[in-house]
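Q: Got a structure for you, written out below as structure tokens; questions coming shortly.
Residue numbers (UniProt numbering): 1 to 112.
Structure below.
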């Protein structure tokens, strides 16, 4: 897995947080226990700054870099934006068609 950087965010494809990692779930951590991480994050994501600080809460979110791209909104560190769900109507989707192929012949293979 390689040696991680302090403050690195990494996705894992299983239902637990590996030893030595913190979930990005907005948890408050004790500065005294995680001082190197606090030095990097400060109270950007929460906490009182005297005894606690928070990790980012990425539940239902996707991390993006701070700054602004061409024709995009400007994002600052620790800013949360967007929504977890979006409902599209048929008017918002490009026109397209689906063609189906069928036969009445007997199958000759277990899969298409």
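The C-beta atom is built at its ideal place from N, Cα and C for all residues, glycine as well. No experiment lies behind these values; they were computed from the predicted model shown.
If I measure Cβ to Cβ from residue 63 and keep anything under 7 Å in the same chain, skipping five residues before and after, which residues do I get?
A: Cβ within range, chain order: 9.
Q: For the beta strand (DSSP E) that contains residue 28, what are its first and last residues?
A: From DSSP, the beta strand (DSSP E) with residue 28 extends over 28-30.
Q: Do residue 80 and residue 61 have their C-beta atoms within less than 8 Å of each other?
A: Yes.
Q: Under a Cβ-count criterion, where at least 16 other Cβ atoms within 10 Å of its own Cβ denotes burial, should residue 56 be classed as buried or exposed?
A: With 16 or more other Cβ atoms within 10 Å, it is buried.
Q: Roughly how many angstroms lie between the CA atoms of residue 14 and residue 95, to the nearest whole one?
A: Going by the C-alpha atoms only, they are around 37 Å apart.
Q: By Cβ distance below 8 Å, which residues in the same chain neighbour residue 26 in space, the five residues on each side in sequence not counted?
A: If we look at residue 26 and ignore the five residues flanking it on each side, its Cβ neighbours are 45, 46, 54, 55, 56, 57, 59.
Q: Find out if the Cβ-Cβ distance for the pair residue 37, residue 52 is shorter than 8 Å.
A: For residue 37 and residue 52, no; Cβs fall outside 8 Å.
Q: Quick one: residues in its chain with C-beta nearer than 8 Å to the C-beta of residue 75, no 5 flanking neighbours on either side, listed in chain order?
A: 64, 65, 66, 67, 68, 81, listed in sequence order.
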